[in-house]
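Worksheet: one structure, shown below.
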Amino acid sequence: MRTNRLFFGRTKIHILKQCASSAIQLFQSTWRLLLLLFLMSSLVCWTFPSCSLIPVFPVFVTAGEELWRLLITTRLLLFYYYEDELAIPRTYQDSLSEAMRVQRNASETPHL
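For the sequence shown, this note's numbering begins at 1109 and goes up steadily by one.
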């Protein structure tokens, strides 16, 4: 029973890692796309001085901030889930077995 729980816990962690990797890749590609669009619009405005980049700039800043918030939220949620999955609750029998093992080791080691 415990083996199945550990297996499914590790599987869930593996799935969460894949989701995190996908979210980070999406963030990086979207950020690159926004940067490319900003550079292209800058080039257009530099080529044609009559156009203004000022109305477009807040869109890029807002999109960048939202992407940053999304990345931080994703990492915080993953940290929460990792902590939840890695903290496997111990049963009374596990605690008792460990206490007996510690006591046995303490009695076997010679005192100086």
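Note that beta-carbon positions come from the ideal geometry of N, C-alpha and C, so glycine has one too. Predicted model only: the values in this text are computed from it and were never measured.
Residue nearest to residue i in terms of C-alpha spacing, selected from the options
i     : options                       : result
L1175 : R1209, M1148 and Q1133        : Q1133
T1138 : I1123, L1178, S1215 and R1212 : L1178
Cα-Cα separation between residue i and residue j, rounded to whole angstroms
i     : j     : result
S1130 : L1147 : 26 Å
C1127 : E1173 : 21 Å
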